[in-house]
């Protein structure tokens, strides 16, 4: 087995040869962007479209203005993986015209651009560029709560990176949401929780769906059944009768209270009139008594009464 120090001799000669390196991407076919969910495997591949005397194929990761070798393949050395990427990268197809690798259980640190170089002597290197985007998307949480017998508040939330798009839909025709509202919260780990809330008015049970997605990844969906104003025909009739009966009771109670208030008010007014009448009559009698006592006739009668009661006094 050749010495480990010689494994990167060929890529060094071809990728660092100055005038020998060419940036000709037209003859190298790659997927410009690869999208992978965090924790999943990300496949990268490239293909040389022209027939060339390829000595070695090298994969590199771009770190700013620098590149770092990940793995390489040549007929002489076979498959070689940089020890720093031994548990992270693996060849799935090793050839001098087609090359494919897989990045295991990708994380945010694996994001970035990767180069596939076909080292050709003496022309230099023909390369293709692929950028890996890693996203995070958790399962949506879809709930509903009853606001009134005929209205339900439906809420769906999802956490992801970048911020996910959350969409609510009603599967039944002629029904739609109202008061649509969305809010978001950014967490310290870079993920964002987006919550979408809407109001649904339905007189029968219907299915509501929530779809969440990030970037161009396949959306994740969830369905729930929202009970409407009537779950079944019998339940609906009972609920409707109860609803109408309750409203009639409320209306009658309001009418009765208003009548009692009116009677109470009228009673107070009658009592006030009677009181004023009695006071007026007493005042009138008192005034008449004062007039009679102040008259000479009242004085004479009074003296005569006193003489009869005590004749010795006179």
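Numbering (mature numbering (1 follows the signal peptide of the UniProt record, and there is no 0)), first residue to last: -21 to -1, 1 to 293. Every residue, glycine too, gets a C-beta built ideally from N, C-alpha and C.
*Have a look at residue 362 and residue 81 and give me their C-alpha separation to the nearest angstrom.*
The requested residue 362 is not part of the displayed model; the chain covers only -21 to 293.
**Request:** Return helix, strand or coil for residue 36, following the three-state DSSP convention.
**Result:** strand
query: Candidates 148, 231, 36 and 233: which alpha carbon is nearest residue 178's?
result: 148
Notebook entry, point to check: Taking Cβ to Cβ, would you say residue 187 is nearer than 8 angstroms to residue 133?
Noted result: yes
Exercise. Go through its chain and collect everything with a Cβ distance to residue 13's Cβ below 8 angstroms, but skip five positions before and after it.
Key: 21, 22, 23, 109, 110, 111 and 112
Under 7 angstroms: does the beta carbon of residue 107 sit that close to some heavy atom of the ligand ADP? Absent from the structure shown: the ligand ADP. Ligands present: none.
_Taking 8 angstroms as the cut-off, does the stretch 28 to 43 touch the stretch 92 to 105 (at least 3 CB pairs, one atom from each stretch)?_
yes
Assigned exposure category for residue 114 - 16 Cβ within 10 Å defines buried: buried
CA nearest to the CA of residue 196, picked from 6, 9, 17 and 8: 17
Residue interval of the beta strand (DSSP E) (run including residue 142)
Residue 142 -> no beta strand (DSSP E), and no H or E assigned at all.
- [ ] Could you name the residues of the same chain whose beta carbon sits closer than 6 angstroms to that of residue 201, not counting the 5 residues immediately before and after it, in chain order?
- [x] 119, 121 and 189
**OP:** Using the Cα positions of residue 239 and residue 206, report the straight-line distance between them to the nearest angstrom.
**Re:** 41 angstroms
Rounded to the nearest angstrom, how far is the Cβ of residue 136 from that of residue 171, given a contact under 8 angstroms?
That pair is no contact at about 11 angstroms.
Next item on the list: Tell me whether residue 108 sits in a helix, a strand or coil according to DSSP, three-state version.
Entry: strand
Notebook entry, point to check: What are the boundary residues of the beta strand (DSSP E) that residue 91 is part of?
Noted result: 91 to 99
* Asked: Assuming residue 50 contacts residue 68 under a Cβ cut-off of 8 angstroms, what Cβ separation, rounded to an integer in Å, is found between them?
  -> 6 angstroms
> Terminal residues of the continuous beta strand (DSSP E) containing residue 77?
Replying inline: 77 to 82
Less than 6 angstroms between C-beta atoms, sequence neighbours within five positions excluded: which residues of the same chain meet that for residue 100? 34
Measuring only the C-alpha atoms, how far is residue 233 from residue 145? 46 angstroms
(request) Between the Cα of residue 78 and those of 159, 198, 229 and 8, spot the shortest distance and give me the residue it belongs to. (result) 8
Item to complete: State buried or exposed for residue 62, treating a residue as buried only when at least 16 other CB atoms are found within 10 Å of its CB.
Response: exposed
*Sorted by chain position, which residues of the same chain lie with C-beta nearer than 7 angstroms to residue 90's C-beta, five sequence neighbours on each side aside?*
111, 112 and 113
Quiz prompt | Contacting residues, own chain, Cβ-Cβ under 8 angstroms from residue 11 (five flanking each side not counted) | solution = 108, 109 and 110
TODO: Kindly list the residues whose CB is nearer than 6 angstroms to the CB of residue 52, restricted to its own chain and excluding five residues on each side of it in sequence; keep chain order.
DONE: 36, 58 and 73
Subject >> Of the residues 183, 126, 165 and 158, the one placed nearest residue 151, counting alpha carbons only >> reply: 183
| message | Please list the terminal residues of the continuous beta strand (DSSP E) segment that includes residue 71. | response | 68 to 72
Where does residue 62 fall in DSSP's three states? helix
- Item | Among 56, 85, 70 and 54, nearest to residue 19 - alpha-carbon criterion | 85
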